[in-house]
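*Asks:*
Numbering (the working numbering), first residue to last: 23 to 499.
Written out as structure tokens, the structure is:
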């Protein structure tokens, strides 16, 4: 396949839009020479042909644009695409126009673009860069199209340090324009709800977010309620207070006559186990067996189980199958300050704790592995505690400080919690940190593939934190 054919076929077939060899080849070629032949070929695909292929090429060029850097050869064409006769091309090009020009050019041109859908797309592209475009966003609050005004206001909510009075005014302006804006834009406007919630979360305006969700869910216009559901889902992802703050409003929508809204409301309720159980209890109390019926329907989340492994079980799971003789001999051949085979040495030391504990030299090997910051450090925390911590107050204090600091961490907290639970009263110093994590209204920071998985992590980890806190407190005389 020639160089000219590859991008054409990749764009036409859709291969350039998905992760794969062809997309990677295009990215590598453009990175090697940003104004080179590959960029020219993509621009040629964006210039002419079927509208869908032109849009695909424009979207690919936008993905290739570097954040915060102009790209004159592409920006010049993008300026022409935003006034193209083809509506889909115009809208797709708005993002490319914003991505390839400086703030001054965007601010000068964007308000004057005739197509309101292009202005909406252009302002949407500015949402992550509101600070650099505050003036033009403020100007667009007076735009003749309600959707442009809504998105501009959402952009301004993302400016750091928005005064409370200004924030309230923006929220009221969005609320006033929303019905007309959603009717004009259609289903694509539903995602404004989550954008709104995340903007309010920048300064932790939890109460204001919940107030707006309740307002939107109570709206007569079902299109506005769709935006409210999107905002509710984001609020549930951000904060733990949905069962108290949002359940009545969500239950009201779920009880309505619109089947699509009801189905989406049930999906939102299922994001949180705690929220779903509260909903089931509410329905059971209000409508006989309705709550029990809905609690058993497909997709209902299972209760959270605060599974917290005992250290003895952790050690036993790695116990050497043939005893410790061969392992002792192998560890004796390894240096105290382990450089190679660190993970293998660490696993061997964990296993030996179930075979009578460590020798003095093995204890020094464990401490050497415990010093550097790594996942292995926290995997070995239980070994360090059992080997030295009980008799060494300094080690115990260090474990408390370091383990409580990561108790909510997505990656190493699961290793830290069983050790703190095993320490009992020796971990009393961890109680303030554990209590703060338990009582925090915000969700724990986490990076998962779905919002459901992120919320599930928070609810599971919070339940584990309660178990650890209670074990420590129960052991204090």
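Glycine residues also receive a C-beta, built at the ideal position from the N, C-alpha and C atoms. Nothing here was measured: the structure is a model prediction, and the numbers come from that model.
1) Cα separation between residue 452 and residue 255?
2) So is residue 61 buried or exposed if we call it buried at 16+ other beta carbons inside 10 Å?
3) Considering only C-alpha positions, which residue in the set 380, 196, 394 and 141 is nearest to residue 410?
4) Mind pulling the alpha helix (DSSP H) runs of 4 or more residues that sit fully within the segment 174-241?
5) Using only the alpha-carbon positions, how far apart do residue 304 and residue 294 sit?
6) Please name the residue in 127, 132 and 284 whose C-alpha comes closest to that of residue 112.
7) Judging by CA-CA distance, which residue of 395, 349, 354 and 393 is the nearest neighbour of residue 375?
8) In the DSSP assignment, the alpha helix (DSSP H) including residue 377 goes from what residue to what residue?
9) How do the segment 98-108 and the segment 116-126 stand: do at least 3 beta-carbon pairs fall below 8 Å, yes or no?
10) Below 8 Å, how does it come out for the segment 191-199 and the segment 142-157: are there three or more Cβ pairs, yes or no?
11) Just verifying my parser: in three-state terms, what is the DSSP assignment at residue 502?
12) With distance defined between alpha-carbon atoms, name the residue in 475, 31 and 361 nearest to residue 394.
13) What would DSSP say about residue 464, mapped onto helix, strand or coil?
14) Out of curiosity, what's the CA-to-CA distance linking residue 292 and residue 268?
15) With which residues is residue 548 paired in a DSSP beta bridge?
16) For residue 312, collect the residues of the same chain with a Cβ closer than 8 Å to its Cβ; drop the 5 residues on either side in sequence, then sort them by chain order.
17) Three or more C-beta pairs closer than 8 Å, one from the segment 475-482 and one from the segment 436-455: is that the case here?
18) Could you work out which residue in 204, 95 and 27 is closest to residue 56 when comparing CA atoms only?
19) Would you mind stating whether residue 429 and residue 456 have Cβ atoms separated by less than 9 Å?
20) Among 31, 432, 243 and 128, which has the Cα closest to the Cα of residue 67?
21) Can you tell me whether residue 139 is helix, strand or coil according to DSSP?
22) Curious, which full-length alpha helix (DSSP H) runs of at least 4 residues does the segment 87-152 contain?
23) Return helix, strand or coil for residue 330, following the three-state DSSP convention.
24) Pick helix, strand or coil for residue 426, following the three-state DSSP scheme.
25) Given a cut-off of 9 Å on the beta-carbon distance, is the pair residue 481 and residue 296 in contact?
26) Closest to residue 340 by C-alpha separation, out of 367, 169, 407 and 252, would be which residue?
27) Can you tell me the Cβ-Cβ gap for residue 333 and residue 404, rounded? I've got them flagged as a contact below 8 Å.
28) Cβ of residue 420 within 9 Å of Cβ of residue 497?
29) By DSSP, does residue 469 sit in helix, in strand, or in coil?
30) Taking buried to mean at least 16 other C-beta atoms within 10 Å of its own C-beta, is residue 325 buried or exposed?
31) Nearest to residue 15 by alpha carbon, out of 117, 449 and 237?
32) Under a three-way DSSP split, which group does residue 434 fall into?
33) Roughly how far, in whole angstroms, is the beta-carbon of residue 64 from the beta-carbon of residue 47, given that I think they are within contact range, below 8 Å?
*Replies:* Reading it off the structure:
1) One C-alpha to the other measures close to 33 Å.
2) When all chains shown are included, residue 61 counts as buried.
3) Selected option, being the one with the closest Cα: 380.
4) 186-207, 214-223 and 228-239, all fully within the segment 174-241.
5) Taking the straight line from one Cα to the other gives about 15 Å.
6) If you compare the alpha carbons of 127, 132 and 284 with that of residue 112, the shortest gap goes to 132.
7) Nearest option by C-alpha distance: 349.
8) Residue 377 -> no alpha helix (DSSP H), and no H or E assigned at all.
9) The answer is yes - the segment 116-126 touches the segment 98-108, with three or more Cβ pairs under 8 Å.
10) No, the segment 191-199 is not in contact with the segment 142-157.
11) Since the first residue shown for the chain is 23 and the last is 499, residue 502 is missing from the structure and cannot be characterised.
12) It is 361.
13) Reduced to three states, the DSSP call for residue 464 is strand.
14) Whole-angstrom Cα-Cα distance: 13 Å.
15) Because the chain here runs from 23 to 499, residue 548 falls outside it and cannot be looked at.
16) Low confidence applies here, because residue 312 scores a pLDDT of 49, under 50, leaving its location unreliable; read the following figure in that light. The residues are 305 and 306.
17) The answer is no - the segment 436-455 does not touch the segment 475-482, with fewer than three Cβ pairs under 8 Å.
18) Among 204, 95 and 27, the Cα nearest to that of residue 56 belongs to 95.
19) Contact annotation: residue 429 and residue 456 have beta-carbon atoms nearer than 9 Å.
20) Comparing Cα positions, the closest option is 31.
21) In the structure shown, residue 139 sits in a helix (DSSP, three-state: H, G or I).
22) 94-103, 109-122, 125-131 and 138-147, all fully within the segment 87-152.
23) In the structure shown, residue 330 sits in coil (DSSP, three-state: anything other than H, G, I, E or B).
24) In the structure shown, residue 426 sits in a helix (DSSP, three-state: H, G or I).
25) In contact: residue 481 and residue 296 (Cβ atoms closer than 9 Å).
26) Nearest option by C-alpha distance: 367.
27) 5 Å between Cβ atoms; contact.
28) In this structure, residue 497 does not lie closer than 9 Å to residue 420 by Cβ.
29) Correct three-state label for residue 469: coil.
30) Around the Cβ of residue 325, a 10 Å sphere holds fewer than 16 other Cβ atoms; the residue is exposed.
31) Since the first and last residues shown for the chain are 23 and 499, residue 15 lies out of range.
32) Residue state, collapsed to three classes: coil.
33) Taking a contact as a CB-CB distance under 8 Å, the pair residue 64 and residue 47 does not count as one, their CB atoms being some 12 Å apart.
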